[in-house]
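> Could you have a look at this structure, given as structure tokens, before my questions?
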Amino acid sequence: MSTPMLLGARAILAAGVLACLAGPWLFDANSLTVLTEFFIVVTLALMWNLLAGYADIISVGQQGFVGVGAYAFFGFTALLHMSVWAAVPLAALTTLLIAVPVMAVIFRLRTAYLAVGTWVAADVLMLIAGKLPGFGGGSGTSLPIPVVKQFGARLGDRIDMFYALSLGLALIAFLATWALLRSRIGLGLTAMRDNEEAAGSSGVDLVRTRILCFLWTAPFLGLAGVMTALEKLRVAPTASFNITDWTIDIIFIVVIGGIGSLEGPILGAILFFLLRQWLADFGAWYLILLGVISIGVILFEPKGLWGACRRWGFPDILPAGHAPGPGAPERVAGPDAQEAPAARTVG
Amino acid sequence: MVETILNLIVQGVLIGGLYALFALGLSLSLGVMRFVNIAHGDMIVLFSFVLLSLTGVLGWSPFLVALILLPVAFGLGWLLQRFLLQRTVGKGILPILLVTFGLSIIIQNGLLEAYGPNTRKLSGGAIELAALRLGPIDVGVYPLLVFLLAVALIAGLDAFLYRTAIGARIRAVADDPAAADLIGLTSARIYPVAMGVVGITMLVAASCMSVWTNFDPSIGPSRLLAAFEAVVLGGLGSLWGTLIGGVIIGVAQNFGSQIDASWQILAQHLVFLVALVFRPQGLFARS
Amino acid sequence: MTPLLSVEKLNVFYDAFQAVHDVDLTVGEGEIVSIIGANGAGKSSFLKALVRQAGRVTGSARLDGCDLAALSTREIVAKGIALVPEGRKLFPTLTIFENLRIGQELGRKGDIGFEQVYEWFPVLRERRDSRARELSGGQQQMVALGRALLANPRLLLCDEISLGLAPRVVNELYAIIPQVRERGVAVVVVEQDISRSLAVADRFVCFLEGEVSLSGRPADADRDTIMQHYFGGAH
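Protein chains in written order, with numbering that gives the first Met the number 0: chain A, 0 to 346; chain B, 0 to 286; chain C, 0 to 234.
Structure below.
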């Protein structure tokens, strides 16, 4: 019944992706800069959603790994004088390596505690970043011109290059996460999203899956961090490890767009950027509004905008997991299935 | 040298009393309702600003105003749980965390709009300057009173939870809300009472903090983290453990602050993380 | 004379799943009714539905003419129905005394007090200050039964009280039931242990897949008929 709708939605998506790919030929420099930021935000939203929507980890410390990526990139290029093209993957690797001990410590905390644990960890990473020699201390420092020039001699070239990099990052983050969710591990993750207790008893190794997801996000967050350093042309503890930009806004985006789907974070990011264009002048009121909306969403439409779309009969444009297609039993169960007390016994 | 270290420890212990006050409400909401209130620190800051406004209008001591506001604080906690947080009960940890997260952002930015970003402090009167000479060190009378207040509040809460019928009901619901519902002890009626008590501890913490230290709309999260660390360090479910946790945080901060301001926080976090590695269940966990 | 409990066309739904279908049942004052049935037959759901703790419930249930649908669990307990839940459901960190006291506070005023419960189960007096989780399974079941009795119910609902316990302990628990009945309390006993259940009951009802498949007096029913309606072989 919804096949034409599905085709239409996929056509719009394909057109959007094509337009993004042709971006440098279609848009002016200002739009490209905004889109560059948009792709960073989409990447961050996809990662936060993977943790919150599937692995049951609420991270309030995502900014920690974003900052590590930015600082690592600065270290490899400005301090160790490596080529930027070597520094980018090395920054991702560094973030992953730092994520391992962080995970080992904070995974001693479970459920609600873990959320605050991620926050403490990010705070520690930020404070350490401010202590590192050569990184400008608490006020940070600019990327050296020669480093920046490696991305293009002219400003216009660099804007195109940053655009291409962040688009590439968002696409890879998206495709890799999609592939993860469609893999065997993803099957377990979807089960976990729908009912953690049942997933645990059906043999999905919750701890290992959680660890995998947590480490999975680290290099992508680190790469997003590299992009933030390039966008701002500097690193600083408060900017590179900014909780509002890299976590709070992202939580709003995913919650409003729809936790636990691939479409939700993207939808949320688009909405966020549109709202921001109109409401940026309202400052604190803008964040208050987002807070009110997201509380409303959690209470009345826990699966966000995309969840509402689904209920109105919208098919999954990007089916994740092993049960693709509309009408799969998983969809029929709807949000109520999760709200049922887990310990309910019958008979 | 010994004197300096002794002084650092004593002052750290005393400020630990303040951290314990921050942490008591969090300890209760974790122990009874099993959730972390992300807005915990922000609600304390909100109470501080309410005290700021009321003392400004009335011209009374902040402690007197706080005393009069105690029923209001209970009522606010009760209403918050009854009409907002209760809607998320039984739906896993995600909704409650995100709702309190949203609340945190709303309070922070609301205070920013209402009061601006400047740091504030309330005057507690002459008592702030009074000091006792104990051997080689000077001890402020006010920090000492706050510490004693923390001890008294913990003793009071302990007695409330373990010696009264309503306290037993709160512990029963904390043990097993589904079992409580089955025998007619409606958990949805008990949770708001517990949150009302949390509200009272928040107001007490706010009044002590606003006289002791500067505050501004953005400091809620750092108060939350300190409170959280104190609770986890002390061990879940142990109010006296929370006091010890607060004291450890206070002492660690004091030693860190000898280097600089960011080491003050770093030392606090590092002590917490190290303790987490070696004793994840906390120092005084009730098994 | 109206029966103490009268249930008509009671249904229990959990989302799309129906656990109990159109069950009718009456229980008179001081009567012991046993509900038997296989695992998953809807027995527990039926008991929980009486105290409004099952999913969605339709149909009518009246206690002494008073419609229970309009009441909360708390009010139903105060009106005189007490449940001994499956799995005991004590509060593990509370003391025995505290567990019992909560039952008393929530219930009706009546003549069953701590002294009476301690007389029935002397071990609870000895261990009144121990935490519930420190007790053996049998002792815990005594606390659960005591907690319900202290509510001075007019109707006591016992859900699988013998589960996982040694026969000697089960005897001790079941020995109380006739004494409770002598005080005019009606008892509904849910058991999988058929012989135990029938031995104590005035009347029995057999559930099969959420419906009443057989009812009668224990003396009138032969074992084969019961078995057929228990496992559904007759259909």
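C-beta atoms are modelled at their ideal positions from N, C-alpha and C, and glycine is treated no differently.
Of the choices C308(A), A71(A), F299(A), I250(A), whose alpha-carbon is the least far from that of V40(A)?
Residue numbering aside, residue 40(A) sits at position 41 when the first sequence is read from its first letter. Looking at the Cα atoms, I250(A) is the closest of the given residues.
> By Cβ distance, which residues of its chain are closer than 6 angstroms to F37(A), with the 5 residues on each side in sequence left out?
Translated into positions along the first sequence, residue 37(A) becomes position 38. Closer than 6 angstroms at Cβ, skipping near neighbours: F272.
> Under 8 angstroms between C-beta atoms, does D157(B) make it to chain C?
For the purposes of this step, residue 157(B) is taken as the residue at position 158 of the second sequence. For D157(B), the answer is no, since every Cβ of chain C falls outside 8 angstroms of its Cβ.
> Taking 8 angstroms as the CB-CB cut-off, is L286(A) touching chain B?
Reading the first sequence from its first residue, position 287 is the one you call residue 286(A). At least one chain B Cβ lies under 8 angstroms of L286(A).
> To be precise: take each residue of the stretch 232 to 263 of chain B, compare its Cβ to all Cβ atoms of chain A, and keep it if any distance is under 7 angstroms. Which residues remain?
Taking 7 angstroms as the Cβ-Cβ cut-off against chain A, the residues of the stretch 232 to 263 of chain B that qualify are S261.
> Can you find a CB in chain B that lies within less than 8 angstroms of the CB of V40(A)?
Indexing the first sequence from 1 puts residue 40(A) at position 41. No, V40(A) does not count as interfacial toward chain B.
> Which bits of chain B does G102(C) rub up against, with CB to CB less than 7 angstroms?
Numbered from its first residue, the third sequence carries residue 102(C) at position 103. Those are I182, listed as they occur along chain B.
> Considering only residues of the same chain and omitting the five flanking positions on each side of S186(B), which have a CB-CB separation below 7 angstroms?
The count along the second sequence starts at 1 and reaches residue 186(B) at position 187. Once the five neighbours on either side are set aside, the close Cβ partners of S186(B) are V172, P176, A179, D180.
> Using a Cβ-Cβ cutoff of less than 8 angstroms, which residues in the same chain neighbour A21(A) once the five nearest sequence positions on both sides are dropped?
For the purposes of this step, residue 21(A) is taken as residue 22 along the first sequence, with counting starting at 1. Contacts found: none.
> What are the residues in the stretch 204 to 235 of chain A lying within 7 angstroms of chain B by C-beta distance?
Here the close residues number zero.
> Indicate whether at least one CB of chain B lies closer than 8 angstroms to the CB of Q52(C).
Here residue 52(C) corresponds to residue number 53 of the third sequence, with the count starting at 1. It does: the Cβ of Q52(C) has a partner Cβ on chain B nearer than 8 angstroms.
> When the Cα atoms are used, what is the spatial distance from L45(B) to A54(A)?
Along the second sequence, one-based indexing puts residue 45(B) at 46. Along the first sequence, one-based indexing puts residue 54(A) at 55. Their Cα atoms are separated by approximately 33 angstroms.
> Is any beta-carbon of chain B found at less than 8 angstroms from that of A307(A)?
Counting from 1 along the first sequence, the entry for residue 307(A) is found at position 308. So, not an interface residue.
> For chain B, check one thing: does any of its Cβ atoms lie closer than 8 angstroms to the Cβ of P264(A)?
In the first sequence, counting from the first residue as 1, residue 264(A) sits at position 265. So, not an interface residue.
> Which chain C residues are close to D41(B), counting only those with a beta carbon under 7 angstroms from its beta carbon?
Along the second sequence, read from residue 1 onward, the residue named residue 41(B) stands at position 42. None at all; the shortest Cβ gap to chain C is about 31 angstroms.
> State the DSSP-derived secondary structure class of S129(C), mapped to helix, strand or coil.
For the purposes of this step, residue 129(C) is taken as residue 130 along the third sequence, with counting starting at 1. Note: S129(C) maps to coil in three-state DSSP.
> Compute the Euclidean distance between the alpha carbons of G257(A) and K302(A), then round it to the nearest angstrom.
Taking the first sequence and counting its residues from 1, one reaches residue 257(A) at position 258. Taking the first sequence and counting its residues from 1, one reaches residue 302(A) at position 303. Cα to Cα, G257(A) sits roughly 5 angstroms from K302(A).
> Going along chain B, which residues have a C-beta under 8 angstroms from R107(A)?
On the first sequence, position 108 is the one that residue 107(A) refers to. Residues of chain B passing the Cβ test: L275, V276, P279.
> Can you round the beta-carbon distance between A68(C) and G106(C) to whole angstroms, since I take them to be within the 8 angstroms contact cut?
Position 69 of the third sequence holds residue 68(C). Position 107 of the third sequence holds residue 106(C). Actually they are not in contact, since the Cβ atoms of A68(C) and G106(C) sit about 21 angstroms apart, beyond 8 angstroms.
> Closer than 7 angstroms, Cβ to Cβ, to anything on chain E: give me those residues from the stretch 160 to 187 of chain B, in chain order.
Here the protein chains are A, B and C, and chain E is not one of them.
> Against chain B, which members of the stretch 125 to 149 of chain A pass a CB distance test of less than 8 angstroms?
Of all residues in the stretch 125 to 149 of chain A, L126, I127, G129, K130, G137 have a Cβ within less than 8 angstroms of some Cβ in chain B.
> Using a Cβ-Cβ distance under 8 angstroms, would I104(B) count as near chain A?
Here residue 104(B) refers to the residue found at position 105 of the second sequence. I104(B) counts as touching chain A.
> What residues are listed by DSSP as bridge partners for G36(C)?
What you label residue 36(C) is simply residue 37 of the third sequence in a count that begins at 1. According to DSSP, G36(C) bridges with F206(C).
> For L229(A), which of helix, strand or coil comes out of DSSP?
Within the first sequence, residue 229(A) is the residue found at index 230, counting from 1. Looking at L229(A) - three-state DSSP - the assignment turns out to be helix.
> In three-state terms, what does DSSP make of L213(C)?
Taking the third sequence and counting its residues from 1, the one referred to as residue 213(C) is at position 214. Note: L213(C) maps to strand in three-state DSSP.
> Provide the residue span of the alpha helix (DSSP H) that contains S165(A), from first to last.
Walking along the first sequence from the start, residue 165(A) turns up at place 166. 154 to 181 is the extent of the alpha helix (DSSP H) around S165(A).
> By the DSSP assignment, the beta strand (DSSP E) with H228(C) in it spans what residues?
The sequence position of residue 228(C) within the third sequence is 229, counting from 1. Not the beta strand (DSSP E): H228(C) falls in the alpha helix (DSSP H), residues 222 to 230.
> How about V231(B) and G281(B): do their beta carbons lie closer than 8 angstroms?
Translated into the one-based positions of the second sequence, residue 231(B) becomes position 232. Translated into the one-based positions of the second sequence, residue 281(B) becomes position 282. Yes.
> Locate the beta strand (DSSP E) running through Y13(C), then write down its first and last residues.
In the third sequence, residue 13(C) corresponds to position 14, counting from 1. That run of the beta strand (DSSP E) goes 4 to 13.
> Would the stretch 15 to 29 of chain A and the stretch 172 to 189 of chain A be scored as touching if the rule is three or more Cβ pairs under 8 angstroms?
With the cut-off at 8 angstroms, the stretch 15 to 29 of chain A and the stretch 172 to 189 of chain A do not touch.
> Check whether the Cβ of P84(C) lies closer than 8 angstroms to any Cβ atom in chain B.
Here residue 84(C) is taken as the residue at index 85 of the third sequence, counted from 1. Yes, because at least one Cβ of chain B sits closer than 8 angstroms to the Cβ of P84(C).
> How is Q17(C) classed by DSSP in three states: helix, strand or coil?
Counting from 1 along the third sequence, the entry for residue 17(C) is found at position 18. Three-state DSSP puts Q17(C) in a strand.
> 8 angstroms is my cut-off, CB to CB: does F271(B) come that close to chain A?
Mapped onto the second sequence, residue 271(B) falls at position 272. Yes, its Cβ sits closer than 8 angstroms to a Cβ of chain A.
> I want to verify the contact list: residues of chain B whose CB lies under 9 angstroms from the CB of S293(A), in sequence order.
In the first sequence, residue 293(A) corresponds to position 294, counting from 1. Chain B residues near S293(A): L97, V98, F100, G101, I104.
> Closer than 6 angstroms by C-beta to V56(C): which residues in its own chain qualify, once you throw out the five before and the five after it? Chain order, please.
Your numbering for residue 56(C) matches position 57 in the third sequence. Correct list, in chain order: V11, A48.
> For the ligand NAD, is there any heavy atom lying closer than 7 angstroms to the beta carbon of H39(B)?
Summarising the ligand content, the structure contains no ligands, and the ligand NAD is consequently not present.
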